[in-house]
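Participant: Structure below; questions to follow.
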Amino acid sequence: MTTSQSPGPQLSPRTDTRPDTRPDTQPGDLAVQATGLVKTFGGHRAVDGVDLEVRRGEVFGVLGPNGAGKTTTLSMLATLLPIDGGEARILGVDVRREPHRVRQLIGLTGQYASVDERLTATENLRLFGRLLGMSRREARSRAVDLLERFGLQEAADRPLSGFSGGMRRRLDLAASLLSRPPLIFLDEPTTGLDPRTRGQMWDTIRELVASGCTVLLTTQYLDEADQLADRIAVIDHGRKVAEGTPEELKAAVGSSTLQVRLTDPARTQEAAGLVAGATGQAPTVTPEAGALNVPLAQADAAADVLIALRAAGVSIASATVAQPTLDEVFLTLTGAPTGAAATDQHENGEVA
Amino acid sequence: MTTLTTPTDTRPAAAGAAVVVDPATLPARPGLRDTLTQTLALAGRSLITMRRNPEQLVDVAIQPLLFTAMFAYLFGGAIAGGVSSYLPTLIPGILGQTALTACMATGISLRDDMDKGVFDRFRSLPIARIAPLAGPAVADLVRYAIAATLTVLTGLAMGYRPGGGLPGVVGGWLVVVAAGWSLSWIFTWLGTVARSAQSVQGISMMVMFPLTFLSNAFVPVDTLPSWLQHFVTWNPVSLVIAAVRDLLNDGQVTWHVGAALLGCLVVVAIFAPLSVRSYARKV
Chain A
240 MTTSQSPGPQ LSPRTDTRPD TRPDTQPGDL AVQATGLVKT FGGHRAVDGV DLEVRRGEVF
300 GVLGPNGAGK TTTLSMLATL LPIDGGEARI LGVDVRREPH RVRQLIGLTG QYASVDERLT
360 ATENLRLFGR LLGMSRREAR SRAVDLLERF GLQEAADRPL SGFSGGMRRR LDLAASLLSR
420 PPLIFLDEPT TGLDPRTRGQ MWDTIRELVA SGCTVLLTTQ YLDEADQLAD RIAVIDHGRK
480 VAEGTPEELK AAVGSSTLQV RLTDPARTQE AAGLVAGATG QAPTVTPEAG ALNVPLAQAD
540 AAADVLIALR AAGVSIASAT VAQPTLDEVF LTLTGAPTGA AATDQHENGE VA
Chain B
7 MTTLTTPTDT RPAAAGAAVV VDPATLPARP GLRDTLTQTL ALAGRSLITM RRNPEQLVDV
67 AIQPLLFTAM FAYLFGGAIA GGVSSYLPTL IPGILGQTAL TACMATGISL RDDMDKGVFD
127 RFRSLPIARI APLAGPAVAD LVRYAIAATL TVLTGLAMGY RPGGGLPGVV GGWLVVVAAG
187 WSLSWIFTWL GTVARSAQSV QGISMMVMFP LTFLSNAFVP VDTLPSWLQH FVTWNPVSLV
247 IAAVRDLLND GQVTWHVGAA LLGCLVVVAI FAPLSVRSYA RKV
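Which chain is which? The protein sequence lines are A and B, in order. No gaps in the numbering here: position 144 of the first sequence is 383 in this note's numbering, and each next residue is one more. No gaps in the numbering here: position 265 of the second sequence is 271 in this note's numbering, and each next residue is one more.
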């Protein structure tokens, strides 16, 4: 009875012939299912038709420069902002129609610490525990637990004003985990943290996933997405420009590169000739440093190059096969390197 | 809550161990009891803050002393022929005025609070939308209690002898505290619609001055032009003050008391839903 499933009686036969994809995935199998999300501020479409599908148990990264619409997308999924267009479901629950149910399924850790500055760490967790329906005793023991797990027990009764950025972020994450939500939103979880604290945060996130949580995180750090995410959506100007595993995205950009440094820079030209003979492609050279960058169709071809150099008696100081970085992926996908990403990073004083 | 892991669990991972739930079994909206617990939890938060920043209470501590003494000596002779004969009119008037000014601060501090990150978390939590607004309002009962108590004590020190005795004073005190809480919803609403704490302050002043001075707080209503008498009589602040006068001076529960409480109820019935609506929409 396929006709009974048609939304209207006036559909032409042609529209009926398109394949029905629904049986493949039930709505509840996806942690997040968003189609055509739109958010408009004034006349500006901050999010302009974004589709997202996050499977249960994976870490999904939303990668993009400042102002790309990452936080806005997350805010709509977390019921903080009304959805202007499109649809979103969290574990099968419609975000627009049943926000209260959605809020029971998610934990949110924002870009800016969303804890009360005027309370102590313990008081914060106890408050949130009470709000989540725990008894006083349960809230207290849960607070003690989480503070210990996040290494905050010594600062438990100190006012938050004395907390470092990393401590606040950990407390924030602890607060998001109070209810043991199956889905956790992390909005730029490591922005502004020093490298060591950032590494700790990454470990914490990995542990979360190991315990069965689904994580949707936004980041403007390419290495962070590469490190943590199973799949990545790249967002720019409110639109999704690419999606895939980190490896797929890198492969989409191109082959790997062999970087060779010679012991004797004077032999650079000679080596370049040998390399061209072995791969059929001229390498880019930096004669002063005795460095050659050899584009490879396959990483295996690196061996041919090294053998050719060895046979000619050209001694090498180092050799590295590098996959393209996500930086390169990103620049390729979002346009010219002079685009928003490059400018933003420059303004933030960061080295890309 | 049967799915909680044991508290002896020490692995960090267990902190986030996802609870397997069927979303369809979750409540679609918060229940009344939950709403009450959440409101009280958030009131507790405000009380902790109040305790740590006692300077927030300066206005309710100083104002009753200042205004009672000032108005008694300033207007006493002109209006009632002497300070002591003016006190029975003035003390309930000051009580009404203090309730209103004390609850003005509710809107300002709420606006201030809403700009902080913690309100983002309140929005993302499965709690009643009214709880983050009602919590601070409940905690502010402490402010109205302090203000009302100090005003009565100042009056007593200046020679005021309420005719209603202790029951009358307690009754009047309760009406003032209830009125403060009810009227605070006007300012809570202003707090949710205004763009900044400063603008809440500005608008609140414009609301507060007509409501206090165009009332029966300081002068007999029959001295006013007749068109103004209509407004003054039905001003909720006037209703409260009339009720407090009847209780304090005569110890009687008159129709004024009923009207005052009804007026307060009407204010809450209008401004509480408006506040929740505008809070839920706020970005």
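No residue lacks a Cβ here, since even glycine has one placed at the ideal position from N, Cα and C. Keep in mind it's a predicted model, so treat the numbers as computed, not measured.
With 8 Å as the limit, tell me which residues of the segment 157-178 of chain B have their beta carbon closer than that to any beta carbon of chain A; keep them in chain order.
Facilitator: The residues in question: there are none.
Participant: Would you list, in chain order, the members of the segment 297-320 of chain A that have their beta-carbon closer than 8 Å to a beta-carbon of chain B?
Facilitator: Result list: ALA317, THR318, LEU319, LEU320.
Participant: Are three or more beta carbon pairs between the segment 323-333 of chain A and the segment 394-412 of chain A nearer than 8 Å?
Facilitator: Cβ pair count under 8 Å is below three, so no.
Participant: Helix, strand or coil: how does DSSP classify A:PRO485 here?
Facilitator: Taking the first sequence and counting its residues from 1, the one referred to as residue 485 of chain A is at position 246. Helix, per DSSP.
Participant: Which same chain residues, not among the five before or five after A:LEU572, have their C-beta less than 7 Å away from its C-beta?
Facilitator: As a position in the first sequence, residue 572 of chain A is number 333, starting the count at 1. Closer than 7 Å at Cβ, skipping near neighbours: VAL473, VAL480, ALA481.
Participant: I need the straight-line Cα distance from A:THR559 to A:LEU497, nearest angstrom please.
Facilitator: Numbered from its first residue, the first sequence carries residue 559 of chain A at position 320. Numbered from its first residue, the first sequence carries residue 497 of chain A at position 258. Computed Cα separation, rounded: 6 Å.
Participant: In whole angstroms, what separates the C-alpha of A:ARG397 from that of A:ALA360?
Facilitator: Here residue 397 of chain A refers to the residue found at position 158 when the first sequence is read from its first residue. Here residue 360 of chain A refers to the residue found at position 121 when the first sequence is read from its first residue. Straight-line Cα distance between these residues: approximately 7 Å.
Participant: Does the beta-carbon of A:HIS283 have 16 or more other beta-carbons within 10 angstroms, so that it is buried, or is it exposed?
Facilitator: Sequence index remark: in the first sequence, residue 283 of chain A carries index 44 (1-based). A:HIS283 should be labelled exposed.
Participant: Runs of 4 residues minimum, wholly inside the segment 285-339 of chain A: which ones carry the alpha helix (DSSP H) assignment?
Facilitator: Counting whole runs of 4 or more residues, the segment 285-339 of chain A contains the alpha helix (DSSP H) stretches 309-316.
Participant: Quick one: residues in its chain with C-beta nearer than 8 Å to the C-beta of A:GLY431, no 5 flanking neighbours on either side, listed in chain order?
Facilitator: For the purposes of this step, residue 431 of chain A is taken as residue 192 along the first sequence, with counting starting at 1. Result list for A:GLY431: GLY404, in chain order.
Participant: Using 8 Å as the cut-off, can you tell me whether the segment 423-441 of chain A makes contact with the segment 360-377 of chain A, which would need three or more C-beta pairs spanning the two stretches below that distance?
Facilitator: No, the segment 423-441 of chain A is not in contact with the segment 360-377 of chain A.
Participant: Based on the DSSP output, what are the partners of A:HIS283 in its beta bridges?
Facilitator: Counting from one through the first sequence, the residue named residue 283 of chain A turns up at place 44. DSSP output for A:HIS283 lists A:PHE280 as bridge partner(s).
Participant: Counting along the chain, where does the alpha helix (DSSP H) carrying B:ILE247 start and finish?
Facilitator: If you number the second sequence from 1, residue 247 of chain B lands on position 241. Residues 242-251.
Participant: Can you pull out the residues from the segment 191-209 of chain B whose beta carbon lies closer than 7 Å to at least one beta carbon of chain A?
Facilitator: The segment 191-209 of chain B vs chain A, Cβ under 7 Å: nothing.
Participant: I'd like the list of long-range same chain contacts for B:ARG251, defined as Cβ closer than 6 Å, with 5 residues on each side in sequence excluded.
Facilitator: Sequence index remark: in the second sequence, residue 251 of chain B carries index 245 (1-based). Here the set comprises PRO98.
Participant: Contact between the segment 333-346 of chain A and the segment 409-425 of chain A is defined here as three or more beta-carbon pairs at a separation below 8 Å; is this criterion met?
Facilitator: At 8 Å Cβ cutoff, the stretches touch.
Participant: Any residues in the segment 42-58 of chain B with a beta carbon nearer than 9 Å to a beta carbon of chain A? Which ones, in chain order?
Facilitator: Correct list: THR43, GLN44, LEU46, ALA47, LEU48, GLY50, ARG51, ILE54, THR55, ARG58.
Participant: Would you check if the distance between the CB atom of B:PHE237 and the CB atom of B:LEU217 is smaller than 8 Å?
Facilitator: Mapped onto the second sequence, residue 237 of chain B falls at position 231. Mapped onto the second sequence, residue 217 of chain B falls at position 211. Against a cut-off of 8 Å, the Cβ pair of B:LEU217 and B:PHE237 comes out as no contact.
Participant: Looking at chain A, is there any beta carbon in it that lies within less than 8 Å of the beta carbon of B:ASP290?
Facilitator: Summary: the structure shown does not reach residue 290 of chain B, with chain B confined to residues 7 through 289, and so no result is reported for it.
Participant: Tell me the DSSP bridge mates of A:ASN221?
Facilitator: Any property of residue 221 of chain A remains undetermined from this structure, which presents chain A solely from 240 to 591.
Participant: Does chain B have any CB closer than 8 Å to the CB of A:TYR351?
Facilitator: Your numbering for residue 351 of chain A matches position 112 in the first sequence. Yes, because at least one Cβ of chain B sits closer than 8 Å to the Cβ of A:TYR351.
Participant: Starting from B:LEU299, trace the alpha helix (DSSP H) in both directions and tell me its first and last residue.
Facilitator: Nothing about residue 299 of chain B can be read from this structure; chain B reaches only from 7 to 289.
Participant: Below 7 Å on C-beta distance, what does A:LEU410 contact in chain B?
Facilitator: In the first sequence, residue 410 of chain A corresponds to position 171, counting from 1. Here the premise fails: no neighbours, minimum Cβ distance about 11 Å.
Participant: Would a check of beta-carbon distances place A:VAL473 closer than 8 Å to chain B?
Facilitator: Numbered from its first residue, the first sequence carries residue 473 of chain A at position 234. Output row for A:VAL473: interface = no.
Participant: Run the CB neighbour count on B:TYR79, radius 10 Å, all protein chains shown included, and call it buried at 16 or more, exposed below.
Facilitator: The residue labelled residue 79 of chain B in the question sits at position 73 within the second sequence. It counts as exposed.
Participant: Would you verify that the beta carbon of A:GLY431 is, or is not, closer than 8 Å to some beta carbon of chain B?
Facilitator: To locate residue 431 of chain A, count along the first sequence from 1; it is residue 192. It does not: the Cβ of A:GLY431 has no partner Cβ on chain B nearer than 8 Å.
Participant: Where does B:PHE215 land, buried or exposed, given buried means 16+ other C-beta within 10 angstroms?
Facilitator: Here residue 215 of chain B corresponds to residue number 209 of the second sequence, with the count starting at 1. That one is exposed.
Participant: For a contact defined as C-beta to C-beta under 7 Å, what are the partners of B:PRO29 on chain E?
Facilitator: Checking the listed chains, one finds no chain E in this structure; the protein chains it contains are A and B.
Participant: Between A:THR264 and chain B, is the shortest Cβ-Cβ distance under 8 Å, so that the two count as touching?
Facilitator: Working through the first sequence from its first residue, we reach residue 264 of chain A at position 25. Bear in mind that a pLDDT of 48 at A:THR264, under 50, signals an unreliable position, so the number given afterwards is only what the model happens to contain. Output row for A:THR264: interface = no.
Participant: Measure the beta-carbon distance from B:VAL158 to B:ALA249 and round it to whole angstroms, keeping in mind my assumption that it falls under 8 Å.
Facilitator: In the second sequence, residue 158 of chain B corresponds to position 152, counting from 1. In the second sequence, residue 249 of chain B corresponds to position 243, counting from 1. Not quite, the Cβ-Cβ distance comes to about 15 Å (not below 8 Å), so this is no contact.
Participant: How far does the alpha helix (DSSP H) with A:THR359 in it reach, from first residue to last?
Facilitator: Walking along the first sequence from the start, residue 359 of chain A turns up at place 120. Counting along the chain, A:THR359 falls outside any alpha helix (DSSP H), and DSSP gives it neither H nor E.
Participant: Leaving aside the five residues before and after A:GLU463 along the sequence, list all residues of the same chain whose C-beta is less than 7 Å from its C-beta, in chain order.
Facilitator: Sequence index remark: in the first sequence, residue 463 of chain A carries index 224 (1-based). THR429.
Participant: What do you get for A:GLY477, buried or exposed, if any count of 16 or more other CB atoms within 10 angstroms of its CB means buried?
Facilitator: Taking the first residue of the first sequence as position 1, residue 477 of chain A is located at position 238. It is buried - the Cβ of A:GLY477 has at least 16 other Cβ atoms within 10 Å.
Participant: On a CA-only basis, which of A:GLY512, A:GLY303, A:LEU269 is nearest A:VAL293? Give me that one, please.
Facilitator: On the first sequence, position 54 is the one that residue 293 of chain A refers to. Answer by Cα proximity: A:LEU269.
Participant: Are the C-beta of A:GLU362 and some C-beta of chain B separated by less than 8 Å?
Facilitator: Position 123 of the first sequence holds residue 362 of chain A. At least one chain B Cβ lies under 8 Å of A:GLU362.
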